[in-house]
Amino acid sequence: MAIEQTKVTEPIQQSSSFTMKQWMKFLIPSFIGVLLFLVPISIDGRVTIGLGVLADGLQAAIADYIPLFMTSIIGASAVGSIVIKALPKGRIRKNSFISNVFDIGPLWISLRFLGAAFAIMTLTGFGPEFVSSDITGGVVLYDLIPVLMVWFLFASLFMPLLLEFGLMDFIGTVVRKVMHPLFKLPGRSSVDAMASWMGSGTVGVLLTTQQYEGGYYSKREAAVVASNFSIASIAFSLVIAKFLSIDHMFISFYFTVVVCGVVAAVICPRIPPLSKKKETYHEPVGKKIDEVVPEGVSTLRWGIDKAIEKADQVKSPGSVVKKGVYNVVDIWFGLIPLVMALGTVALVIAEFTPVFTYLSYPFIPFMNLLQIPEAAEAAPAMIVGFADMFLPAVIGSGIESELTRFVIGVMSLTQLIYMSEIGILLIKSKIPINFFELFVIFLQRTVITLPIAALLAHLLFF
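The sequence shown stops at residue 462 when you use full-length UniProt numbering, and every number in between is there.
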């Protein structure tokens with residue numbers, strides 16, 4: 001049984017007693033953070049966020065150089081891990097940042113070298129075709145990694161605007177009465193969902209990971225938020241709809257996605273494996289969150305008080321920038337090599353082996369029961385999404401039935417767990433969730449949301 005530390009309650013300043021400087025320290029960075037992460041912007045008919053405009057602009061400007069640059073980063077990550085292992089331990093541990101990035105176990109070193117090998121093969125065209133193919137390694141190196149590189153760059157640099165200056169504390173306090181009874185989560189989890197919805201699911205996972213490591217989510221809460229609220233952005237949802245030729249009914253399509261996602265987010269946290277996760281916090285920091293409003297104090301006032309106090313803890317802009325740069329380096333050198341390695345392996349299995357086809361057989365009678373046309377052809381789309389979110393749409397694009405394409409599109413966006421990106425992010429993070437648990441959650445979400453998607457399609461739209 002975990003022993004809880006006694007929390008010493010310190011007097012809280014009331015909002016009326018804060019100085020103008022303290023108010024501005026909360027309001028200005030938080031306002032910029034909201035503009036960058038949470039306010040939708042329409043660019044050429046596509047919905048994105050301010051962060052997305054920056055990311056897309058940089059990606060377009062340096063698109064031709066990103067594959068070579070990231071191959072160099074992946075290679076340096078692998079070689080650096082070996083070099084660090086050869087140096088004296090005491091010397092490495094003096095620099096915790098270098099230690100965290102490069103002083104890793106044999107499995108992770110092996111995966112970094114595998115990622116480097118795959119990246120070099122794909123870049124040069126040397127090696128087995130099934131690795132460097134446009135539908136395997138090519139997808140990861142030329143399509144996925146450039147997006148991750150620029151999104152993680154700006155998300156890591158600007159995320160402190162959401163985390164360090166009180167916005168999460170304010171929103172968490174205000175919406176706790178909705179999030180806690182419905183999803184058994186802190187109010188601040190709504191910001192994770194909003195950042196995913198408007199921007200990118202990977203941004204939501206990164207936000208969740210940093211909140212967990214900071215002591216603001218318990219082990220259970222972090223696992224639940226990351227696996228249920230890292231929803232696909234509106235922009236990506238529209239891409240899926242267009243690819244499946246159902247963009248003429250996008251409002252109906254996205255309404256179904258939202259309904260399925262909410263139902264799954266209510267049910268999944270209440271059943272294993274998520275319900276079995278401990279309510280303890282990340283051990284090095286312990287519990288840092290307190291969203292409970294004292295008696296006799298209004299929710300709004302308490303939220304403002306907590307937010308300004310949080311912002312007041314930031315002593316210098318330099319410390320915030322330094323943390324952001326560290327996050328960028330950690331992700332580029334620590335995560336991107338794993339995306340290259342495991343993402344390529346997942347796509348090779350999906351494209352060149354019958355594994356996912358065999359795994360999809362149990363879904364055929366289930367889909368027939370739900371009166372989904374072309375069930376046998378569509379069944380692999382129900383399981384192949386575990387490898388990559390876009391693969392179900394690739395399978396579904398050749399199916400004649402519009403209803404079936406509609407259901408496949410909904411499922412690809414509501415299953416959430418896919419190994420080429422979100423799955424690897426979670427496995428690499430400090431959130432206590434493993435590969436088997438991710439696969440179980442993927443299946444749970446599939447079984448829960450498939451009947452809802454089929455029912456809404458039959459009753460409302462077809």
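Note that beta-carbon positions come from the ideal geometry of N, C-alpha and C, so glycine has one too.
Beta-carbon spacing of residue i, residue j below 8 Å
{"i": "residue 41", "j": "residue 32", "result": "no"}
{"i": "residue 342", "j": "residue 424", "result": "yes"}
{"i": "residue 263", "j": "residue 449", "result": "yes"}
{"i": "residue 385", "j": "residue 358", "result": "no"}
{"i": "residue 204", "j": "residue 196", "result": "yes"}
{"i": "residue 403", "j": "residue 372", "result": "yes"}
{"i": "residue 387", "j": "residue 349", "result": "yes"}
{"i": "residue 406", "j": "residue 457", "result": "yes"}
{"i": "residue 170", "j": "residue 289", "result": "no"}
{"i": "residue 221", "j": "residue 182", "result": "no"}
{"i": "residue 43", "j": "residue 53", "result": "yes"}
{"i": "residue 150", "j": "residue 78", "result": "no"}
{"i": "residue 427", "j": "residue 148", "result": "no"}
{"i": "residue 153", "j": "residue 328", "result": "yes"}
{"i": "residue 321", "j": "residue 214", "result": "no"}
{"i": "residue 130", "j": "residue 356", "result": "no"}
{"i": "residue 156", "j": "residue 324", "result": "yes"}
{"i": "residue 515", "j": "residue 274", "result": "Summary: the structure shown does not reach residue 515, with the chain confined to residues 1 through 462, and so no result is reported for it."}
{"i": "residue 370", "j": "residue 232", "result": "no"}
{"i": "residue 429", "j": "residue 202", "result": "no"}
{"i": "residue 253", "j": "residue 265", "result": "no"}
{"i": "residue 310", "j": "residue 223", "result": "no"}
{"i": "residue 401", "j": "residue 140", "result": "no"}
Where residue i falls: helix, strand or coil (DSSP)
{"i": "residue 62", "result": "helix"}
{"i": "residue 434", "result": "coil"}
{"i": "residue 136", "result": "coil"}
{"i": "residue 374", "result": "coil"}
{"i": "residue 18", "result": "coil"}
{"i": "residue 252", "result": "helix"}
{"i": "residue 290", "result": "coil"}
{"i": "residue 85", "result": "helix"}
{"i": "residue 76", "result": "helix"}
{"i": "residue 324", "result": "helix"}
{"i": "residue 159", "result": "coil"}
{"i": "residue 3", "result": "With a pLDDT of only 35 at residue 3, under the threshold of 50, the placement of this residue in the model should not be trusted; the figure read from the coordinates follows. Residue 3: coil per DSSP, three-state reduction."}
{"i": "residue 445", "result": "helix"}
{"i": "residue 429", "result": "coil"}
{"i": "residue 242", "result": "helix"}
{"i": "residue 9", "result": "Its pLDDT being 40, under 50, residue 9 is placed unreliably by the model, and the measurement read from it follows with that caveat. Coil."}
{"i": "residue 457", "result": "helix"}
{"i": "residue 210", "result": "helix"}
{"i": "residue 145", "result": "helix"}
{"i": "residue 168", "result": "helix"}
{"i": "residue 389", "result": "coil"}
{"i": "residue 236", "result": "helix"}
{"i": "residue 342", "result": "helix"}
Opposing strand residues paired with residue i [DSSP bridges]
{"i": "residue 281", "result": "218"}
Heavy atom of the ligand COA within 7 Å of residue i beta-carbon
{"i": "residue 339", "result": "The ligand COA is not part of this structure, which contains no ligands at all."}
Whole-angstrom C-beta distance between residue j and residue i, which should lie under 8 Å
{"i": "residue 257", "j": "residue 413", "result": "5 Å"}
{"i": "residue 383", "j": "residue 230", "result": "Wrong, their Cβ atoms sit about 20 Å apart, outside the cutoff."}
{"i": "residue 292", "j": "residue 299", "result": "Not confirmed; about 10 Å, so no contact."}
{"i": "residue 376", "j": "residue 364", "result": "5 Å"}
{"i": "residue 84", "j": "residue 98", "result": "7 Å"}
{"i": "residue 306", "j": "residue 173", "result": "6 Å"}
{"i": "residue 408", "j": "residue 238", "result": "Contact flag wrong, Cβ pair sits at about 16 Å."}
Per-residue burial, residue i [other beta carbons within 10 Å of its own, 16 or more giving buried]
{"i": "residue 217", "result": "buried"}
{"i": "residue 122", "result": "buried"}
{"i": "residue 476", "result": "This structure cannot settle anything about residue 476, because the visible part of the chain is limited to 1 through 462."}
{"i": "residue 225", "result": "buried"}
{"i": "residue 338", "result": "buried"}
{"i": "residue 460", "result": "exposed"}
{"i": "residue 102", "result": "buried"}
{"i": "residue 65", "result": "exposed"}
{"i": "residue 20", "result": "exposed"}
{"i": "residue 126", "result": "exposed"}
{"i": "residue 207", "result": "buried"}
{"i": "residue 3", "result": "Residue placement at residue 3 is flagged as unreliable, the pLDDT there being 35, under the threshold of 50; the coordinate-derived value follows with that caveat. Exposed, because fewer than 16 other Cβ atoms sit within 10 Å of the Cβ of residue 3."}
{"i": "residue 435", "result": "exposed"}
{"i": "residue 6", "result": "Caution applies to residue 6, whose pLDDT of 36 falls short of 50 and renders its modelled position unreliable; the model cannot decide the point."}
{"i": "residue 447", "result": "exposed"}
{"i": "residue 269", "result": "buried"}
{"i": "residue 248", "result": "exposed"}
{"i": "residue 46", "result": "exposed"}
{"i": "residue 344", "result": "buried"}
{"i": "residue 444", "result": "buried"}
Residue i at chain C interface by Cβ criterion, 8 Å
{"i": "residue 291", "result": "Structure shown: chain C not included; a single protein chain is present."}
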